[in-house]
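Q: In the order they appear, the protein sequences are chains A and B. Per my numbering, residue 2 is the first one in the first sequence, and the count goes up by one each step. Per my numbering, residue 2 is the first one in the second sequence, and the count goes up by one each step.
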Amino acid sequence: MTDALRPYAAAFAARFQLMLQYRAAAVAGFATQCWWGGIKVMVYAAFFAGASASDAPITLSQVITYTWLAQAFLVLAPWSGDPEISQAVRSGAIGYERLRPIDTYNWWYVRAAAWMTARALPRALLMLAVAGVAFPLLGLEAWSWRPPADALAFGLFALSMILVVFVSSAFVMLLNISAVVTMDERGINTLVASLLIAFSGNLLPLSLYPDAMQTFLLIQPFASFLDIPFRIYFGGLSGWGAIAGLSLQLFWTLVMVIMGRAWMIRVMAKLQMQGG
Amino acid sequence: MPQILVQDLAKTYRVMERDPGVLGALKGVVHRRWRTVEALKNVSFSLEAGELLGFIGPNGAGKSTTIKILSGILRPDGGHVEVGGLVPYQERIRHVARIGVVFGQRTQLWWDLPVIDGFDLLRDIYRVDPVRYARTRDELVALLKLERLLDQPVRQLSLGQRMRAEIAAALLHEPEVLFLDEPTIGLDAPSKLAVREFVKRLNRERGVTVLLTTHDMHDIEALAERVIVIGHGQVLADRPFEALRRDVLRERRMFIDFAQAAPDIDLPGVEVRARTERSLELAFDPDMVPAARLIAAISADFAVEDVHVEQPAIEEVIAKFYDLHGAAEA
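Next comes the structure, spelled out in structure tokens:
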């Protein structure tokens, strides 16, 4: 490990280990995600039973797999800014953040990435164990998390999930910086959560939206957090389609990082710390 | 070339103003009024390597703002700052690698991490050589008596324990300059003594330049040879502490117990401040009447049982100084 990366690697490792300690939170989150997943699966089943199956752009079994994936990786989406940063903003400890001889953007970025991945990992493994392994063993195959389309799809999916971490962390950084500006992250977090529910595929797989919206839905940034990797998983995006999906994720990562860095420089130049 | 150079430093804040009550709040939604607060105007001073400077002043005087600018967190609106030849806010990363900072009212250690894990993280953040780090850490742990605290999460430490850990954390990368912003705030007497003793040794034995702000005049008395008094964003005084004390409050107090009823005293330069049946409190100017002559004069005429002389408390000295300059917080 080179000396240049040492601070960031250490910050990632420390946050990752710390977040893994919160076992009760992981179990509680998992239980909630199972419950919602179950409800969504039943709603989709009713919906597909009432529609003519040949019209649907994806099959019920794909939608069910999509749902379990979405529940498993729920916390990889940027639902809010990093609570550690908003806490530091309000307590004034943000001064210490600026006292470290490292790039503040990169430092906060790796912490956001660690925060999200450490929370997602146990939840995703539990979900896989229940919906992917236990369900088929219990004879609930029709309701289970199915394997990916093929080995290539799985490889591309893995790559796409790594890009999810990159793009989500870049978006969390925008939320972090807005918390520095506004001193309060709650307003923006609420707004972002609504957008995520609607446009990431969290509520409804994006391919089930009207055809006229499809191009827009794929290109807009929220698809990169969830819909793109899941479409790759079951083969909805393959070949050039998959390449396009990965490129979009990369594109949005770069856009958000460039925006975030420029914004951060401006905000830090005008930083005020009053009292004490 | 001084290690810290501050010239004509100025910093203003914008504070939103609104009228009180619901109506005021509604008006504020439509039309925002801003007031400019001058936190610092024309602050200048310099500090040689190895000096220990105390920074005092009432709340809101600009002490913390000065430290935040010197440490590279805030950008001034005017003036020039150099620390070790670097402009802090322009070369932040190089600058902060060479300084240590403790804000007494905030924590830099990670709340949920054991102290030692926090130290290790700082080692990596500052890219300190592991061998060198181990040596520095062990020294600091011994000097600040942290042995039994190392495996405890920071949130479980008492304030005094935490402050010792905070100071160690600020020194793991062996900085040349240490900024301490109210390091003894809220500490009990033994903890204050421990912090003072440590800072003094650090300065004397290691030659670390220290700039310290405090409201505790005993910190200043114990530590700082030189004091800067700041008020309303300006330097009101910059001189040795003893000179400040001498200039501001020359007065001495004498407390006398008599064997019989306390007499009336009428001597030039002496004033009766308080009396009880058998005792007197006198205020006198030692330049006009030296204490020895005053005692001799009184005991020649009256049966004196007990005498002691006091210098006014340093708190009084400073409060009087703030008053003289109209610097007390509005």
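Every residue gets a Cβ at the ideal spot worked out from N, C-alpha and C, and that includes glycine.
Residues in the stretch 84-97 of chain B with C-beta within 9 Å of chain D's C-beta atoms, listed in sequence order?
A: Any reference to chain D falls outside this structure, whose protein chains are A and B.
Q: At a CB distance below 9 Å, what residues from the stretch 68-82 of chain B approach chain A? Give them in sequence order.
A: Of all residues in the stretch 68-82 of chain B, K69, S72, G73, I74, L75, R76 have a Cβ within less than 9 Å of some Cβ in chain A.
Q: Given this structure, state the Cα-to-Cα distance separating F17 of chain A from A113 of chain A, to the nearest angstrom.
A: Within the first sequence, residue 17 of chain A is the residue found at index 16, counting from 1. Within the first sequence, residue 113 of chain A is the residue found at index 112, counting from 1. Cα to Cα, the separation comes out at about 10 Å.
Q: Comparing C-alpha positions only, which one of A:A78, A:F231, A:V166, A:V165 sits nearest to I198 of chain A?
A: One-based indexing of the first sequence puts residue 198 of chain A at position 197. Closest option to I198 of chain A, Cα to Cα, is A:A78.
Q: Taking only runs of the alpha helix (DSSP H) that begin and end inside the stretch 125-188 of chain B, which ones reach a length of at least 4 residues, in chain order?
A: Complete alpha helix (DSSP H) runs here, min 4: 131-144, 160-172.
Q: I want to verify the contact list: residues of chain B whose CB lies under 8 Å from the CB of D4 of chain A, in sequence order.
A: Within the first sequence, residue 4 of chain A is the residue found at index 3, counting from 1. Within chain B, the residues near D4 of chain A are R128.
Q: Would you list, in chain order, the members of the stretch 75-104 of chain A that have their beta-carbon closer than 8 Å to a beta-carbon of chain B?
A: Within the stretch 75-104 of chain A, the residues whose Cβ lies closer than 8 Å to some Cβ of chain B are S92, G93, A94, G96, Y97, R99, L100, R101, P102, I103, D104, listed in chain order.
Q: Mind checking if R34 of chain B is an interface residue toward chain A, Cβ cutoff 9 Å exclusive?
A: On the second sequence, position 33 is the one that residue 34 of chain B refers to. Not an interface residue.
Q: So does the stretch 131-141 of chain A actually touch the stretch 219-235 of chain A, counting three or more Cβ pairs closer than 8 Å?
A: At 8 Å Cβ cutoff, the stretches do not touch.
Q: Mind checking if D1 of chain B is an interface residue toward chain A, Cβ cutoff 9 Å exclusive?
A: Look at the range of chain B in this structure, 2 to 331, and you will see that residue 1 of chain B is not part of it.
Q: T60 of chain A bridges to which residues according to DSSP?
A: What you label residue 60 of chain A is simply residue 59 of the first sequence in a count that begins at 1. In DSSP, T60 of chain A forms no bridge with anything.
Q: Run through chain A and tell me which residues come within less than 9 Å of L41 of chain B, C-beta to C-beta.
A: Along the second sequence, read from residue 1 onward, the residue named residue 41 of chain B stands at position 40. Result: empty, since nearest Cβ-Cβ is about 13 Å, beyond 9 Å.
Q: Would you list, in chain order, the members of the stretch 255-271 of chain A that have their beta-carbon closer than 7 Å to a beta-carbon of chain B?
A: So the list reads A270, given in the order they occur along the chain.
Q: Check the DSSP bridge columns for D302 of chain B and list the partner residues they point to.
A: Walking along the second sequence from the start, residue 302 of chain B turns up at place 301. D302 of chain B is not bridged to any residue.
Q: Using 8 Å as the threshold, is the stretch 65-80 of chain A in touch with the stretch 200-211 of chain A, meaning 3 or more CB pairs across them?
A: The stretch 65-80 of chain A is in contact with the stretch 200-211 of chain A.
Q: Taking C-beta pairs closer than 9 Å, name the residues in chain B that A26 of chain A reaches, listed in chain order.
A: Here residue 26 of chain A refers to the residue found at position 25 of the first sequence. By Cβ distance, chain B contributes nothing, its closest Cβ being about 13 Å from A26 of chain A, past 9 Å.
Q: What are the uninterrupted segments assigned as alpha helix (DSSP H) that are 4 or more residues long and contained completely in the stretch 207-269 of chain A, given in chain order?
A: Whole alpha helix (DSSP H) segments, 4+ residues: 215-220, 228-234.
Q: For P222 of chain A, would you say it is in contact with chain B, using Cβ-to-Cβ distances shorter than 9 Å as the test?
A: Along the first sequence, one-based indexing puts residue 222 of chain A at 221. Cβ-Cβ to chain B under 9 Å: no for P222 of chain A.
Q: Can you check DSSP and say which residues form a bridge with R1 of chain B?
A: Absent from the model: residue 1 of chain B. The displayed extent of chain B is 2 to 331, so no value can be given.
Q: Following the continuous alpha helix (DSSP H) through M43 of chain A, name the residue where it begins and the one where it ends.
A: Position 42 of the first sequence, counted from the start, is the residue given in the question as residue 43 of chain A. First-last of the alpha helix (DSSP H) with M43 of chain A: 24-51.
Q: Against P8 of chain A, what residues of chain B qualify as contacts under a CB-to-CB distance less than 7 Å, listed in chain order?
A: Position 7 of the first sequence, counted from the start, is the residue given in the question as residue 8 of chain A. Ordered by position in chain B, the residues that pass the 7 Å Cβ test against P8 of chain A are D125, I126, R128.
Q: What would DSSP say about R76 of chain B, mapped onto helix, strand or coil?
A: Against the second sequence, residue 76 of chain B aligns to sequence position 75. In this structure, R76 of chain B counts as coil in the three-state DSSP scheme.
Q: Using the beta-carbon count (16 or more within 10 Å), is K271 of chain A buried or exposed?
A: Counting from 1 along the first sequence, the entry for residue 271 of chain A is found at position 270. With fewer than 16 other Cβ atoms within 10 Å, it is exposed.
Q: What is the rounded straight-line gap between the Cα of F285 of chain B and the Cα of K201 of chain B?
A: Residue numbering aside, residue 285 of chain B sits at position 284 when the second sequence is read from its first letter. Residue numbering aside, residue 201 of chain B sits at position 200 when the second sequence is read from its first letter. Those two C-alpha atoms are separated by around 34 Å.
Q: Tell me, please, whether the CB atom of V11 of chain A is closer than 9 Å to any CB atom in chain B?
A: Position 10 of the first sequence, counted from the start, is the residue given in the question as residue 11 of chain A. The sequence as given places Ala at residue 11 of chain A; Val does not occur at that position. At least one chain B Cβ lies under 9 Å of A11 of chain A.
Q: Tell me whether R133 of chain B is buried or exposed, calling it buried when 16 or more other Cβ atoms sit within 10 Å of its Cβ.
A: Here residue 133 of chain B corresponds to residue number 132 of the second sequence, with the count starting at 1. R133 of chain B should be labelled exposed.
Q: Output, in chain order, the set of chain A residues within a Cβ distance shorter than 8 Å of Q109 of chain B.
A: Taking the first residue of the second sequence as 1, we reach residue 109 of chain B at position 108. Those are A94, Y97, L100, listed as they occur along chain A.
Q: Beta-carbon separation of P287 of chain B and R246 of chain B under 9 Å?
A: Residue 287 of chain B sits at position 286 when you count from the first residue of the second sequence. Residue 246 of chain B sits at position 245 when you count from the first residue of the second sequence. No, these two residues do not count as a Cβ contact at 9 Å.
Q: Quick one: using the 10 Å Cβ neighbour count with 16 as the cut-off for buried, is V44 of chain A buried or exposed?
A: Counted from its first residue, the first sequence places residue 44 of chain A at position 43. Exposed, since its Cβ has fewer than 16 Cβ neighbours within 10 Å.
Q: I'd like the list of long-range same chain contacts for L21 of chain A, defined as Cβ closer than 6 Å, with 5 residues on each side in sequence excluded.
A: Locating residue 21 of chain A in the first sequence gives position 20, counting from the first residue. A119, listed in sequence order.
Q: Tell me whether V7 of chain B is buried or exposed, calling it buried when 16 or more other Cβ atoms sit within 10 Å of its Cβ.
A: Working through the second sequence from its first residue, we reach residue 7 of chain B at position 6. It counts as buried.
Q: Any beta carbon from chain B within less than 9 Å of A114 of chain A's own beta carbon?
A: For this step, residue 114 of chain A is matched to residue 113 along the first sequence. Closer than 9 Å: no.
Q: Between L122 of chain A and the rest of its own chain, which residues show a CB-CB distance below 8 Å, the 5 nearest in sequence each way excluded?
A: Position 121 of the first sequence, counted from the first residue, corresponds to residue 122 of chain A. Closer than 8 Å at the Cβ level, and outside the excluded window around L122 of chain A, lie L21.
Q: Comparing the C-beta of I231 of chain B with each C-beta of chain A, is any distance below 9 Å?
A: Here residue 231 of chain B refers to the residue found at position 230 of the second sequence. No, I231 of chain B does not count as interfacial toward chain A.
Q: Compute the Euclidean distance between the alpha carbons of G22 of chain B and V16 of chain B, then round it to the nearest angstrom.
A: Within the second sequence, residue 22 of chain B is the residue found at index 21, counting from 1. Within the second sequence, residue 16 of chain B is the residue found at index 15, counting from 1. Their Cα atoms are separated by approximately 18 Å.
Q: Does DSSP classify F285 of chain B as helix, strand or coil?
A: Within the second sequence, numbered from 1, the residue matching residue 285 of chain B stands at position 284. Here F285 of chain B sits in strand by DSSP.
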